[in-house]
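For reference, the structure is listed below as structure tokens.
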Amino acid sequence: MAESVASAAVEDATKQAMKCVSPYLRYFFCYGKIVQDFGNRQYDLKSRKQRVDTRVDEAKRQIEVIYEDVEDWLKRAEKELDEAQYLQDEIDRVKCFKWCPQWGWRYCLSKKLAEKTPIISDLLRTSNFAQVGHRRSLQGIEFIKSTDFMDSESSKSALNQILEAIKAVNMIGLYGMPGVEHQKNSR
1 MAESVASAAV EDATKQAMKC VSPYLRYFFC YGKIVQDFGN RQYDLKSRKQ RVDTRVDEAK
61 RQIEVIYEDV EDWLKRAEKE LDEAQYLQDE IDRVKCFKWC PQWGWRYCLS KKLAEKTPII
121 SDLLRTSNFA QVGHRRSLQG IEFIKSTDFM DSESSKSALN QILEAIKAVN MIGLYGMPGV
181 EHQKNSR
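Using our numbering, read the sequence shown as starting at 1 and increasing by one per residue.
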């Protein structure tokens with residue numbers, strides 16, 4: 001009876017110890033898989049950032065205002081890619097010591113990579129923007145009414161000459177900038 005209680009206690013303690021230790025053992029024994037997962041996520045983030053950058057450039061050429069969340073995402077992606085490149089350089093340094101790996105170094109690097117991979121995955125998950133920008137609102141256009149102008153004596157004289165010349169003509173062609181009108185005030 002005591003042996004069965006003791007073996008159950010040992011088994012229970014072993015399970016608890018494995019739960020606590022297994023993530024740390026994973027850093028040692030799954031180094032290759034962790035590096036591969038990290039590399040795949042890093043590549044995916046580079047590709048996604050490039051696509052978002054292209055869409056932002058197109059929107060800017062169309063004189064659109066870029067949404068703040070898109071700009072924020074691009075900054076975070078750039079930061080994560082810089083940090084990922086630093087970790088990739090460390091991976092390359094560890095590869096140099098393949099014939100005699102430094103276990104402590106590999107453990108620390110594996111842990112950093114395992115912590116960075118979900119952050120990159122989260123960025124990838126939040127990068128599906130329906131639109132990256134919106135059109136700017138038109139600036140107010142102010143129209144000046146012709147009633148605000150004062151006629152000068154020379155313009156009144158020219159207008160009278162034109163009106164006298166028109167009386168003898170059956171057809172008139174008007175040329176000039178669109179939207180320019182002349183209003184005749186009858187007095």
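Glycine residues also receive a C-beta, built at the ideal position from the N, C-alpha and C atoms.
C-beta atoms of residue i and residue j nearer than 9 Å
i: I91; j: L109; result: yes
i: L45; j: L124; result: yes
i: L74; j: K49; result: yes
i: Q88; j: Q139; result: no
i: V52; j: S152; result: no
i: R106; j: Y31; result: yes
i: T117; j: I63; result: no
Bridge partner(s) assigned by DSSP for residue i
i: E64; result: R135
Residue range of the alpha helix (DSSP H) that includes residue i
i: A158; result: 153-166
> Should the region 155-173 be regarded as contacting the region 82-94, the criterion being three or more beta carbon pairs within less than 8 Å?
Replying inline: These segments do not touch.
> Hey, is the region 126-136 in contact with the region 64-72, meaning 3+ C-beta pairs nearer than 8 Å?
Replying inline: Taking 8 Å as the limit for Cβ pairs, the verdict is that the region 64-72 does touch the region 126-136.
>> Using a Cβ distance threshold of 8 Å, determine whether the region 26-38 contacts the region 52-59, with at least three qualifying pairs required.
In response: Proximity of the region 26-38 to the region 52-59 falls short of the contact definition, fewer than three beta-carbon pairs being nearer than 8 Å.
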